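To start, the structure under review is shown below, and the notes come after it.
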Amino acid sequence: MNFDPRRSPCCTVEDFAVDIFGTPKSTWNISATKVFARDFVAHYPNSEYNAVKRAFSTHLRSLRCTYKQAGLDEAALKARQKEDRRKERKRSLYHRRLDIACAVSDLQPHVSMLTRIGPDGMSSDETANENDVPQYRILGRNWRSLEVTSWLRVFDAIYRHNRYGPAGTGSRGNNA
């Protein structure tokens with residue numbers, strides 16, 4: 000899908016096409032996004048051009064994801080979803096640790112180090128179902144020292160203390 004964006008758009012409203020294999024930021028898809036946004040604003044004048052472009056770009060990312068998953072067999076799709084859930088738990092763990100570091104003044108000097116470690120530096124886990132109840136086993140990072148692991152667990156302990164209190168009971172309204 001080669002074209003020169005300086006000469007003309009990649010397509011028109013009549014022959015509108017996106018590059019489902021390309022990223023939303025590919026030259027073709029940027030041009031297609033502009034074609035879509037111009038036509039949309041022409042039909043809905045109260046719409047804001049840049050907001051329509053952002054919304055369409057987000058929609059295009061979703062379409063690409065759906066298209067990629069449609070080509071997977073059921074086993075591959077389940078494996079991918081399992082990996083996506085594991086990555087999300089790592090991101091959540093990272094943000095929980097970062098939030099507690101920002102909130103507790105004694106931990107604020109550690110924010111930059113946590114940021115450098117990032118979500119990929121967090122421990123991963125493995126899921127096993129026992130009696131239809133998921134059990135998670137922590138998988139340590141081979142490259143990460145035990146001292147860093149102990150250091151990260153301090154953030155977890157302070158989070159639990161702030162979340163559940165010294166008695167280990169949930170906060171009001173959340174007794175899960």
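Under numbering that gives the first Met the number 0, the first residue of the sequence shown carries the number 0, and numbering increases by one thereafter.
By construction, the Cβ of each residue, glycine as well, lies at the ideal position given by its N, Cα and C atoms.
Just so it is clear, the structure is predicted and the values come from calculations on it, not from any experiment.
Ranked by how close their Cα comes to the Cα of A36, the residues G21, T11, W150 and H160 have T11 in first place.
Secondary structure of S25 (DSSP, three-state): coil. Sequence-distant partners of C9 (beyond 5 residues in either direction) whose C-beta falls short of 6 Å from its own C-beta, in its chain, are F2, W27, S30 and A31.
Restricted to the stretch 61 to 114, not a single beta strand (DSSP E) segment is unbroken, complete and at least 3 residues in length. Contact fails between the stretch 66 to 86 and the stretch 100 to 110, because fewer than three Cβ pairs, one in each stretch, are under 8 Å apart. Secondary structure of S30 (DSSP, three-state): helix. Between R115 and the set V103, A75 and L97, the nearest pair of CA atoms involves L97. At a Cβ-Cβ threshold of 7 Å, L92 and M121 count as neighbours.
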